[in-house]
Structure formats: structure tokens, C-alpha cells
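For what it's worth, my numbering labels the leading residue of the sequence shown as 2, then goes sequentially. We put the beta carbon where it would ideally sit given N, CA and C, even for glycine. Here the structure is a predicted model, which is why all the values come from computation and not from measurement.
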Amino acid sequence: MVVAQSVGAVLASTWVHDYAPTIRGLVLASPAFKVKLYVPFARSGLALMHRLRGLFFVNSYVKGKYLTHDPARVASFNQDPLVTRPIAVNILLDLYKTAERIVSDASAITLPVQMLVSGEDYVVHRQPQIDFYQRLRNPLKEIHILPGFYHDTLGEKERHLAFDKMRVFIDTLYALPPQRFGL
Numbered sequence: 002m003v004v005a006q007s008v009g010a011v012l013a014s015t016w017v018h019d020y021a022p023t024i025r026g027l028v029l030a031s032p033a034f035k036v037k038l039y040v041p042f043a044r045s046g047l048a049l050m051h052r053l054r055g056l057f058f059v060n061s062y063v064k065g066k067y068l069t070h071d072p073a074r075v076a077s078f079n080q081d082p083l084v085t086r087p088i089a090v091n092i093l094l095d096l097y098k099t100a101e102r103i104v105s106d107a108s109a110i111t112l113p114v115q116m117l118v119s120g121e122d123y124v125v126h127r128q129p130q131i132d133f134y135q136r137l138r139n140p141l142k143e144i145h146i147l148p149g150f151y152h153d154t155l156g157e158k159e160r161h162l163a164f165d166k167m168r169v170f171i172d173t174l175y176a177l178p179p180q181r182f183g184l
């Protein structure tokens, strides 16, 4: 069983898609299949600049107050010296490319999947999350849109709502024999 959030959810989805590991299932919280870039043509501009200039970094303008309603988590995010703002442009562009590949070919993922989608996510777009879910073939799949939640689904003030849904899904998977669907 793998539980992953945001960029980690894209990495977990990619691993499951590309390597078909023998795990019980996957829980994806606010997967970053398409990051919201608030500047028009940002992605194509970054790709062009990357080709011309090579490696460079862009700053993330995500602030803790856009991630969660939990004041302690906001403060922790804002004060954590390990949270860095600069993002290597090749990482950002590869995230986009990989996420598009995984969303478009989600039907290759045969595991049970639960998705927890934040209802008011200022960091990522919802439509690719919906598209991914709709393309999954395993009948044991769930999607839950959590109203009012910001991007940090598992760190939200009311995170117990997400964890309750995860607990039921995981308990269900472990009550069943391991599956090998659609191979």
C-alpha cells in the first residue's frame, strides 16, 4: 500500500504505471498532475528558455496559507529551512511531461486506487485528477472531493475527514485477497 500526496502522488503513480509493483493499492492525495502556473504561456516560455539558457531555477510562490487551514502547519511550512523556493526548470518541465503521460495512460494502472481531491486547491488543477480517475480500469476505485480543503489534503485542519476515508479504503483492501486485475 502506498499513500502519496502532491508531487509524491505523481511519482507513486508513475512507479505503479511503469513497474506494476505487487502492492495492495494506491491512495493519491491532491496529485500534482498539472501545477497552476499563474503567468500566461509560462510553461512554453520556460521550455524555450531552458533550451536557450540551459538549467536555471524558478521560484515557487506557494505560501503556507494557500496549502492548509491549519495554523500550526502554515507556520511550520513558512519557518522550515528545508522548504526551498527555487525549483529547477528541468524538474518542473519533466513533472508536467510525466504527469501528462500518466494521466493519458492511466488505464495501464491495474491496482485499486483511492483519490482524495482538495476542493479549493490553489496549487494544482482538478481536471487532470478527474481524467486520471475516469481512465482507471480497476472497479475498486474511489474519488472523494473534500470541500474547502486546500492543497495539503493530509495536513488540513479537518484532515481526519481524509484519513477516515483512507482508513476505510485500506481496511477494505486488506480484507480482500490480493488482486491482480486486468493483466
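Item                                                                                                                                                : Value
Across which residues does DSSP place GLN180 in a beta bridge pair?                                                                                 : In the DSSP output, where bridge partners are listed per residue, GLN180 has none listed.
What residue range is occupied by the uninterrupted beta strand (DSSP E) comprising PHE58?                                                          : 58 to 60
Could you tell me if SER31 is buried or exposed, where buried requires 16 or more neighbouring beta carbons within 10 angstroms of its beta carbon? : buried
For the pair the region 110 to 121 and the region 82 to 96, tell me if three or more CB-CB distances fall below 8 Å.                                : no
By the DSSP assignment, the beta strand (DSSP E) with ALA21 in it spans what residues?                                                              : From DSSP, ALA21 is part of no beta strand (DSSP E); its letter is neither H nor E.
ALA100 and VAL11 - do their beta-carbons sit closer together than 8 Å?                                                                              : yes
Between ILE144 and the rest of its own chain, which residues show a CB-CB distance below 7 Å, the 5 nearest in sequence each way excluded?          : MET116, VAL118 and TYR134
With 16 as the cutoff for other CB atoms within 10 Å, does GLU121 come out buried or exposed?                                                       : exposed
With a threshold of 16 other CB atoms inside 10 Å of the CB of ASP153, please say whether the residue is buried or exposed.                         : buried
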